[in-house]
Amino acid sequence: VDGKFKHWNGPFKEVNAAICKPTTDVKLERISIGKIPKTGLPEALECLESSENAYDNGFGEWPMFSVEQRIFHVEKFVGEMINLRSEVVNLLMWEIGKSEKDSEKEFDRTIKYIYDTIESLKKLERKSASFTIEEGVIGQVRRSPLGVTLCIGPYNYPLNETYTLLIPALIMGNVILFKPPKHGCLLHFSLSKAIQKSFPKGVINYLYGKGNEIIEPLMNTGKINVLTLIGSSKVASDIKKAHPKVNRLRAILGLDAKNPAIVLENANLENAVEECILGSLSFNGQRCTALKILFVHENIKDEFLKKFCEKVDALKFGMPWDEKVQITPLPEEDKFKYLNDCISDAEAKGGKIMNENGAIQNGSLFFPAVVYPVKDGMKLYREEQFGPIVPIVSFTDMQEPIDYMISSNYGQQVSIFGTDTKQISHLLDGLVNQVSRVNINVQCQRGPDTFPFTGRKDSAEGTLSVYDALRSFSIRTVVATKETMENKA
Ligand code: G3H
Numbered sequence: 032v033d034g035k036f037k038h039w040n041g042p043f044k045e046v047n048a049a050i051c052k053p054t055t056d057v058k059l060e061r062i063s064i065g066k067i068p069k070t071g072l073p074e075a076l077e078c079l080e081s082s083e084n085a086y087d088n089g090f091g092e093w094p095m096f097s098v099e100q101r102i103f104h105v106e107k108f109v110g111e112m113i114n115l116r117s118e119v120v121n122l123l124m125w126e127i128g129k130s131e132k133d134s135e136k137e138f139d140r141t142i143k144y145i146y147d148t149i150e151s152l153k154k155l156e157r158k159s160a161s162f163t164i165e166e167g168v169i170g171q172v173r174r175s176p177l178g179v180t181l182c183i184g185p186y187n188y189p190l191n192e193t194y195t196l197l198i199p200a201l202i203m204g205n206v207i208l209f210k211p212p213k214h215g216c217l218l219h220f221s222l223s224k225a226i227q228k229s230f231p232k233g234v235i236n237y238l239y240g241k242g243n244e245i246i247e248p249l250m251n252t253g254k255i256n257v258l259t260l261i262g263s264s265k266v267a268s269d270i271k272k273a274h275p276k277v278n279r280l281r282a283i284l285g286l287d288a289k290n291p292a293i294v295l296e297n298a299n300l301e302n303a304v305e306e307c308i309l310g311s312l313s314f315n316g317q318r319c320t321a322l323k324i325l326f327v328h329e330n331i332k333d334e335f336l337k338k339f340c341e342k343v344d345a346l347k348f349g350m351p352w353d354e355k356v357q358i359t360p361l362p363e364e365d366k367f368k369y370l371n372d373c374i375s376d377a378e379a380k381g382g383k384i385m386n387e388n389g390a391i392q393n394g395s396l397f398f399p400a401v402v403y404p405v406k407d408g409m410k411l412y413r414e415e416q417f418g419p420i421v422p423i424v425s426f427t428d429m430q431e432p433i434d435y436m437i438s439s440n441y442g443q444q445v446s447i448f449g450t451d452t453k454q455i456s457h458l459l460d461g462l463v464n465q466v467s468r469v470n471i472n473v474q475c476q477r478g479p480d481t482f483p484f485t486g487r488k489d490s491a492e493g494t495l496s497v498y499d500a501l502r503s504f505s506i507r508t509v510v511a512t513k514e515t516m517e518n519k520a
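Position 64 of the sequence shown, counting from 1, maps to 95 under UniProt numbering, and the rest follow consecutively.
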């Protein structure tokens, strides 16, 4: 973990030379890049005890600190974190296969997020002045912490998404039990040095164990006050069920999504193709906000497919440190079986891979597959593939994509591509109450991080953003004081 391995590119040199043409001539293999000690159940329970001691029912040093004191510690941490930039960026590339450019972007976005949160908290504090409840009674709202917070980070944005949970939770006075993702745990191990230098003991405890061995027993204790994670809705609901008094548990969750793009017949095709590629295949489609199904109007379907497949086949396939790489290795070993199952299922029901290089695999590389026609009844129609497969459906009636969203288990975002304002308003009216963000002529995305990040149905619980998260991780306590002769004086 010293940042030096970046220049090791051993057997991939030949692949680099063959870039753009996915190759299977050179056999790629996974390699081990580091090991960290695993947190077993006894250690996890010790961590819980340490968190409880640090919180001490709200009487601990951290929850009792003033806002200024907590900001001081977070600022110290961000300074230490900046010193680890190159090590962490390298680990992002190695552990999860994110390109160098995107890894740097994620790091810098996280730093900005932390500074913006500090500024946002300062503003929030300035707003909480006294007000009159009724004549002679003065009210003041304080924001108080919620308690011991179990935070589970995702692998796809191990930094940005994790810190959009960790930092607001911490700065509002909560204490954290943090379980880093399996892919991405080394970079958190590296950052734990900065955490250790910056926060009092027990304020953040790391759990490097296997989720299925430690999370349920931790929840069973009933001592976790807040659950926050970005990940799957099934995992979140199982974890919640393990809490003996789930009504006492606050949950702030970013979950599954199956965001559609709707490409109308009058869409600017160049723009629609470009945005749909970015939306569906940035970071190999491993974004909760990715476009995971494209509804393309029947009248332009052939032209769209031709242009789309040509551009997909030209994507640069390779290692994260290759210049301008666009498709990189997938970190999850078991993902390949699932992706291949989705493709076989579609093929058995009449779907086809439309692009020449679709589904070429080598080691942990999987070249994107464009699958058409995708229909109801296929896995790819409803399941969140979270990987490099782009399912395409053709439609004629605008009600079809609206009905798709109404009947979906998810409700995060949608993108509409078109130039006819009447049609766009019709779709907007039909979709705005089904999702939490509608994008017009642009891909789906979370940013900027000042925007509310949430969703309907199984896509989210609570809201995150530089502003909203401060509210999500705290409770407003009102202090109402009647003026008497004595306190007036
Ligand atoms: O996986 C979900 C991420 O928060 C997506 O963020 O839309 O900025 O890529 P992004």
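Every residue, glycine too, gets a C-beta built ideally from N, C-alpha and C. All values reported here derive from a predicted model rather than from experimental measurement.
CA nearest to the CA of residue i, picked from the options
i: C319; options: K513, D451 and Q416; result: Q416
i: L458; options: E431, R174 and R279; result: E431
i: L286; options: D499, A345 and G262; result: G262
i: I331; options: I226, G449 and L370; result: G449
i: I308; options: F504, P399 and L295; result: P399
i: E378; options: Y188, K271 and M409; result: M409
i: E364; options: L280, Y186 and G389; result: Y186
i: G89; options: M436, G178, I506 and I423; result: G178
i: R173; options: S161, G167, C475 and N121; result: S161
i: Q317; options: N290, F335 and D269; result: N290
i: L76; options: E247, V469, K224 and L196; result: E247
i: D376; options: V405, G389 and L396; result: V405
i: Q100; options: P362, L152 and G394; result: L152
i: T452; options: L370, F314, L295 and K347; result: L295
i: D87; options: L122, K342, G233 and L300; result: G233
i: C373; options: I420, N472 and D147; result: I420
Own chain, CB closer than 7 Å to residue i, minus 5 neighbours either side, in chain order
i: C340; result: M385, N386 and V401
i: M124; result: E131, S134, P351 and W352
i: G253; result: H274, P275 and K276
i: residue 25; result: There is simply no residue 25 to check, as the chain begins at 32 and stops at 520 in what is shown.
i: C216; result: I67 and Y239
i: A92; result: A small correction: the amino acid at residue 92 is Glu; Ala does not occupy that position in the sequence shown. Same-chain partners within the cutoff: P231.
Simplified DSSP assignment, three categories, for residue i
i: Q171; result: strand
i: V473; result: coil
i: K228; result: helix
i: N330; result: helix
i: V356; result: coil
i: I67; result: coil
i: I202; result: helix
i: C78; result: helix
i: R507; result: strand
i: V466; result: coil
i: V343; result: helix
i: L208; result: strand
i: Y194; result: helix
i: T452; result: helix
i: E517; result: helix
i: K338; result: helix
i: N371; result: helix
i: R487; result: strand
i: F348; result: strand
i: K323; result: strand
i: L218; result: helix
i: E459; result: A quick correction: the sequence has Leu, not Glu, at residue 459. Residue state, collapsed to three classes: helix.
heavy atom of the ligand G3H below 7 Å from residue i C-beta
i: Q476; result: yes
i: C319; result: yes
i: Y86; result: no
i: Y188; result: yes
i: E492; result: no
i: E192; result: yes
Other residues of its chain near residue i: CB distance less than 6 Å, five sequence neighbours each side excluded
i: I183; result: K210 and L260
i: P483; result: T494, S496 and D499
i: N191; result: E137, R140 and T141
i: I102; result: I149
i: I283; result: T259, G493 and S503
Proximal residues to residue i (C-beta, below 8 Å), its chain only, five neighbours per side dropped
i: K488; result: S439, N440, Y441 and G442
i: T70; result: C78, Y237, L238, Y239, G240 and I245
Min CB distance residue i to chain C below 8 Å
i: K383; result: Protein chains in the displayed structure number just one, and chain C is not present.
field: Contiguous beta strand (DSSP E) assignments of at least 3 residues, all confined to the segment 374-449
entry: 400-403, 420-426 and 444-448
message: Suppose only complete runs of 3+ residues qualify. What are the beta strand (DSSP E) ranges in the segment 239-320, listed by chain order?
response: Whole beta strand (DSSP E) segments, 3+ residues: 257-261, 281-285 and 290-294.
query: What residue ranges within the segment 76-163 form continuous alpha helix (DSSP H) runs of no fewer than 4 residues, ordered along the chain?
result: 92-95, 98-114, 116-127 and 131-158
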